[in-house]
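The structure appears below as structure tokens.
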Amino acid sequence: MTPPEAPSSDAGTMPPAVSSCAPHNAQPQKWTALRKRADFLAAARARRQGTGTMLVQGRDRRDGDAAIRVGFTCSKKVGNAVARNRAKRRLRALARELLPAQGLPGWDYVLIGKAEETGARPYDTLRHDLSYALRKLAGGA
RNA sequence: GCGGAGGGCCGGAUGGCCGCGGCACCUGCAAGGGUGACGAGGAAAGUCCGGACUCCACAAGACAACGGUGCCGGGUAACGCCCGGCUGGGGUAACCCAAGGGAAAGCGCCACAGAGAAGAGACCGCCCCCGAGUGAUCUGGGGUAAGGGUGAAACGGUGGGGUAAGAGCCCACCGCGGGACGGGCAACCGGACCGGCACGGCAAGCCCCACCGGGAGCAAUGCCAAAUAGGGACCGCGCGCGGGGGCAGGUCCUGGACCCAGGUCCGGGAUACCGCCCGCAGGCACGUCUUGGCCCGGCGGUCCGGGUUGGCAGCUAGAGGGGCGUUGGCAACAGCGUCCCAAGAGGAAUGGUCAUCCAGCCCCGGACCCCGGUUCGGGGGGGACAGAAUCCGGCUUACAGGCUCUCCGCGCCC
RNA sequence: GGCCCCGUGGCUCAACAGGAUAGAGCAGCCCCCUCCUAAGGGGCAGGUUACUGGUUCGAAUCCAGUCGGGGUCA
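If you read the first sequence in our numbering, its first letter stands for residue 205, the second for the next number, and so on.
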């Protein structure tokens, strides 16, 4: 049914998809999630930078791996489960946008949400704060 | 039109850009890449009940203890849930509320006040008799429980007769108790007739009666890997053979020192029993079997201590949910037919952001009308409660606002 | 995620098979004593018994439901 037509339709749509993906894959830094409690504790003992809307912790792993890893923390002080999840998701979206370009290879980052501000302030403010915090952490290293 | 009662449903919409999760398919040696559909709630919540499912314990079962349920009948896998009915209470009504079995099985409690608080009692009173006093009245004896007063509650109520004064002492009505008989599956309802009236309340105090319940919970449980210790206590079974090697350990005898106990340390002597190595027998686990692997003086079990805080399974199709039709039933619900839907994360996906619109809120201006609203235009600002964690059935609690159905009362018009 | 426990003055605790006024110590304020302070003595204030309902004549106590806090399990 579909197999005979599949090659012809794929051939028409493939070239644009490949061309748009090629430059995206040129960036070597891909980030993965931080999952182990020990990694969170290690990052907390390392460098940190607070801003009006969040707290950012960063740590150079020095293990030779260039991957950037990132974790998110929102305590009960942020609010109920809905508020905590929303704050975490906004932080996740920020990290996806800024970290591949502005984060340092081989580092672990932990973004910590603050009560009220992380879920309520404009997205541009959050973007500015994260960019500022990443510069400060890189400058001190 | 105004006011009210009971249900049911929804609880932002559309689009652009950038993303996430497991699944299916395609591609690739692999890492990976691509495509596709799907992806939070009515409460996902509280964890208050009931189950499914696992492990442990015990096993026909019964009893005791403990916990729960509690008008009657039905529904259900089950329930403390739901439906229908009964009784009592509230409301003009629609309708609502009720842990609603037993207080003549027994124990206990009923503070304060009051004379008296459970089969009680006489404070102020009322009445009679004897005596004192000119008299008001008083001492003593006796009869009463109507009236006053206390209390949440005072041992039937109202009226009449009766009496020295009174009293179910007698009568009428009401209440109460028993109750032939009739209706109903039952709770219960009606009730001829009988009884002069005793039987207070609390069982969300102990308790009695009937029925139900073994315990723990998916962080259950099973498996793999890694890592520390190469441990301690108790119980059961077994505590064999041969060879090699050695005099540094153990064991036995003995001397001394320390010393609360008991052991530690130093020294002398004896022994080949044990420790060490190899093999047999035996045991353990994997495997279809063979070969093989580990332990090899232990093996199995229970508990304690120590280490690890990784992965896989459990993990999502089940008493599943919903629509329509039909059959039975007042209904809850059940049967049959047919169609549709159905997430599986694991520091935890189901989104981030922007624009437009739709409700609701506030402000300004115009118009209309029995002065408070309706409608039109513009602007501001802004989304209720809330996020699956093994899965179902309920209950309870939170919730901006909106839609809709049925019913009741009052007013007006025809 | 499951299970268990607890909420009484500012703090630590009483009062509990229901009985009317919720009590004690420390802390606080005032007075006495002392040259001054501490200690000691006397007095005072401070409580919606976490909250909301229910049972009862009557609830800190009994029963439900909310809210908050703590512990424990791989």
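Every residue, glycine too, gets a C-beta built ideally from N, C-alpha and C.
Name, in chain order, the residues that DSSP records as bridge partners for residue i.
i, result
"Gln-261", "Arg-252 and Val-314"
"Arg-194", "With the chain covering 205 to 345 only, the question about residue 194 has no answer from this structure."
Measure the CB-CB distance between residue i and residue j and report whether it falls below 9 Å.
i, j, result
"Thr-236", "Leu-334", "no"
"Leu-346", "Leu-303", "With the chain running from 205 to 345 in the structure shown, residue 346 is simply not present."
"Leu-259", "Leu-338", "no"
"Thr-257", "Arg-325", "yes"
"Pro-336", "Arg-294", "It should be pointed out that residue 336 corresponds to Tyr in this sequence rather than to Pro. Going by C-beta atoms, Tyr-336 is not nearer than 9 Å to Arg-294."
"Arg-263", "Phe-276", "no"
"Gln-253", "Lys-340", "yes"
Give me, in chain order, the residues of the same chain whose beta-carbon lies closer than 8 Å to that of residue i; leave out the 5 immediate sequence neighbours on both sides.
i, result
"Asp-269", "Gly-310"
"Asp-243", "Arg-273, Gly-275 and Asp-312"
"Arg-266", "Gly-310"
To which residues of the same chain is residue i closer than 6 Å at the C-beta, ignoring the five residues directly before and after it?
i, result
"Arg-273", "Thr-236, Leu-238 and Asp-312"
"Ala-319", "Lys-281 and Val-282"
"Arg-288", "Cys-278 and Val-282"
"Ala-342", "Leu-308"
"Arg-241", "none"
Which same chain residues, not among the five before or five after residue i, have their C-beta less than 7 Å away from its C-beta?
i, result
"Ala-291", "Cys-278, Val-282, Gly-317, Thr-322 and Gly-323"
"Gln-306", "Ser-335 and Leu-338"
Segment contact, 8 Å Cβ cut-off, at least three pairs: the segment 279 to 297 with the segment 243 to 252: no
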